[in-house]
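What follows is a single structure, written as structure tokens, with notes after it.
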Amino acid sequence: MKTAPGVGHMTVADVPDPTPGPGEVVVKVAYATVCGTDVLVHDDKYVGKRPLPFPFILGHEVSGEIAEVGPGVEGLRPGTKVGMESIIGCGTCYHCLRGNHNLCPQWHHIGLTMDGGFAEYIKVPASLVIPLPEGAPLDSVAMLEPLSLAVHTMHRLSPRPAQPVAIVGPGPIGLLHLQVIKATGAGPILVLGRPEDAHRLQVAADLGADRVEAVNSIEEAVAIAREMTAGVGMEIVIEATGVPAGVQTAFEIVAGNGQLVTLGLTRFTELDILQVIRKNLTWHGVVASVRRHFLEALRLITTGRVDPSRLITHRLPLEQGVDAIRLMKERASLKVAIVP
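First residue of the sequence shown? That's 162 in my numbering, and the numbers climb one at a time after it.
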């Protein structure tokens, strides 16, 4: 099969087709969407689990069709269309036994610690695949993983109808959170970006954000948040940029007694933790997701309440994997899908 492995550069190579072992399945990839994490790994800027097993195949947002099942696999057969989880826990630790394998200290991750979906075929444990109902759109299903993160966030926040919400960062993660927040009835929803985010902010408006603003400073963001809330600030703030300026903005615009979510950082930053105390904040860190979040994300797709495919700006063949990484770095793109 063809695959696109590498770090620092990506090459298309022919490798043997994977063969499933006991408890495994091989999936023929329909779509593999590119994540910001793929870009960080490619550029050797990933700050997560190390060391990574270079060279390996990137790609953890995958949909497709089961091509082969290994010994001992029950309830799955070739031809079944599937989405998939991305994290495998040890199954025996404190967190795994409580259904939270996203917190397993021994986790493994497709496209990070094992070969991923930038390939014609991917081999995964059968426990990761999620059989799809008839007609589920495979392009949207490929984004179950980031959409499930937004579902996880909602579980932590429990937003109420008519509760003011701000999203800092109109990238794919921020826009998926926007779609899920809209489905909860919370709002008004403010989406903040930078002047160079004009295209992304327009997508946010098209997806139903009540207000979108390109700001040049934290002070400007604070003024907008206060204007929308009679001087109070936003009751919920979701920080979706992963950069220090975005985090600082989130802390400044959140209301007293508010809730703040940070989803990850591309680099470490200093924070004034006194703000958490002085504002009496509830600060949530949200990392990855588990099957219950994936299943809810799938229901949101199949009932038409969200449409992740609206974020796909480019669809490229596997041979153009290098271009897929490049496009993700360019702010004119949102989500890039590799179609083997």
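Built from N, CA and C at the ideal position, the CB exists for glycine as well.
Residue i and residue j closer than 8 Å at C-beta
| i | j | result |
| --- | --- | --- |
| Y192 | A498 | yes |
| G394 | G354 | no |
| L293 | V223 | no |
| V187 | E235 | no |
| S450 | S309 | yes |
| G296 | I218 | no |
| P478 | L337 | no |
| I414 | V398 | yes |
| I379 | L351 | no |
DSSP beta-bridge partners of residue i
| i | result |
| --- | --- |
| I227 | V188 |
| T402 | Note: T402 sits in no beta bridge, so no partner. |
| G244 | S224, I291 |
| T194 | E222, A498 |
| Y282 | K189 |
| H338 | Answer is none; H338 lacks a bridge partner. |
| V202 | According to DSSP, which records beta bridges pairwise, V202 is partnered with nothing at all. |
| A327 | L351, V398 |
Member of the options whose CA lies at the smallest distance from the CA of residue i
| i | options | result |
| --- | --- | --- |
| S288 | P298, R372, N377, G252 | G252 |
| V373 | Q363, G296, L442, I379 | Q363 |
| A391 | I379, L424, P349, V422 | P349 |
| G115 | A280, L264, V285, N263 | Look at the range of the chain in this structure, 162 to 501, and you will see that residue 115 is not part of it. |
| E306 | H270, G330, A280 | H270 |
| P212 | H221, G220, V202 | V202 |
| T194 | G278, I227, N261 | G278 |
DSSP-derived helix/strand/coil call for residue i
| i | result |
| --- | --- |
| L237 | coil |
| R317 | helix |
| N261 | coil |
| G417 | strand |
| A375 | strand |
| L442 | coil |
Alpha-carbon to alpha-carbon, residue j and residue i
| i | j | result |
| --- | --- | --- |
| Q409 | L432 | 7 Å |
| A416 | E396 | 5 Å |
| Y255 | H360 | 44 Å |
| D204 | D371 | 36 Å |
| G231 | D178 | 14 Å |
| E185 | A327 | 42 Å |
| L459 | G225 | 14 Å |
| T172 | P322 | 48 Å |
Cutoff 8 Å: residue i Cβ touching any chain C Cβ
| i | result |
| --- | --- |
| V243 | As a matter of chain content, chain C is missing from the structure shown, which is built from one protein chain. |
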